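Note sheet for the following structure.
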Amino acid sequence: MIELHGTVKERFDEAIRLSSTKICEKELDYFRYLYDKAQIPLLPSAEEFYKKYGGVFRHHYLVLSDPTFNREIFFTFYTDYAVKPKGSEKKALTFMEDAMENYGVVKEFAKQDVCPVADIGYYYPPVVYVGENGLLYCVFEYQEEIEVYHTPSEIFAEQLKNNIPIGIEIKSNQIKNDT
Numbered sequence: 081m082i083e084l085h086g087t088v089k090e091r092f093d094e095a096i097r098l099s100s101t102k103i104c105e106k107e108l109d110y111f112r113y114l115y116d117k118a119q120i121p122l123l124p125s126a127e128e129f130y131k132k133y134g135g136v137f138r139h140h141y142l143v144l145s146d147p148t149f150n151r152e153i154f155f156t157f158y159t160d161y162a163v164k165p166k167g168s169e170k171k172a173l174t175f176m177e178d179a180m181e182n183y184g185v186v187k188e189f190a191k192q193d194v195c196p197v198a199d200i201g202y203y204y205p206p207v208v209y210v211g212e213n214g215l216l217y218c219v220f221e222y223q224e225e226i227e228v229y230h231t232p233s234e235i236f237a238e239q240l241k242n243n244i245p246i247g248i249e250i251k252s253n254q255i256k257n258d259t
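So, in structure tokens, the structure goes:
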């Protein structure tokens, strides 16, 4: 396990930095393709967000102070739903369609165009929309208010005040696949 240090937000920043893998052009093309197929306008800010964070926690998982909840962390882009085990393009498109249910409300709240990009958070993760300005607008199924953040680390830090990240570990299936 790679240990994490600092405040909760600093630990998430470090975990994201250490666990991130670069997105290749093929993945970026598929990201664009899915948005086109779903007929969702892809904002430049959404594409930049994917380039920066699309490879986070791909080969690692977060270790929390209460390890019972280690598998309850979500950093899932809609393209991930298509390529994960038992995933499918249809499943990805369904998640994207569901995310569009709140599009108008989020756009009105943000006073700018927004684009749904991912489910990011803990246990019941919010649907995250990125605005033209790069801000992250979070819609939770269990509350009416839309929350605004600058980074994914801020989303996690807000949700995990009592169950802090202590490290990251390589996913066991990655060890088998990478050797």
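In the numbering used here, the protein residues as written are 81 to 259. Here a beta-carbon is modelled for each residue, glycine too, at the ideal position from N, C-alpha and C. A quick note: this is a predicted structure, and the numbers were derived from the prediction, not measured.
List the endpoints of the continuous beta strand (DSSP E) containing G211.
207–211
Sorted by chain position, which residues of the same chain lie with C-beta nearer than 6 Å to A190's C-beta, five sequence neighbours on each side aside?
G211, Y217
May I ask which residues mark the beginning and end of the alpha helix (DSSP H) holding V186?
183–190
Cα separation between G86 and I200?
21 Å
Evaluate V228 with the Cβ neighbour count: other Cβ atoms within 10 Å of its Cβ, from every protein chain shown; 16 or more gives buried, anything less gives exposed.
exposed
Run through DSSP, which three-state label would V123 get?
Rather than Val, the amino acid found at residue 123 in this sequence is Leu. Looking at L123 - three-state DSSP - the assignment turns out to be coil, as it is neither helix nor strand.
Between which two residues does the beta strand (DSSP E) harbouring E221 extend?
It is not in any beta strand (DSSP E) - E221 carries neither H nor E in the DSSP assignment.
The alpha helix (DSSP H) that contains E94, what's its start and end?
88–99
Could you check which residue in G247, V194, V207 has the C-alpha nearest to that of Q223?
V207
Which listed residue (D146, N243, K131, M180) has its alpha carbon closest to that of Y110
K131
Considering just the uninterrupted stretch of the beta strand (DSSP E) at V197, what are its terminal residues?
194–202
Backbone CA spacing between L144 and G184 [nearest angstrom]:
35 Å
I think C195 touches L114, with their Cβ atoms under 8 Å apart; what is that distance to the nearest whole Å?
12 Å between Cβ atoms; not a contact.
In three-state DSSP terms, what is L144?
strand
Per-residue DSSP class, three states only, for L173:
helix
Using only the alpha-carbon positions, how far apart do R112 and P124 sit?
11 Å
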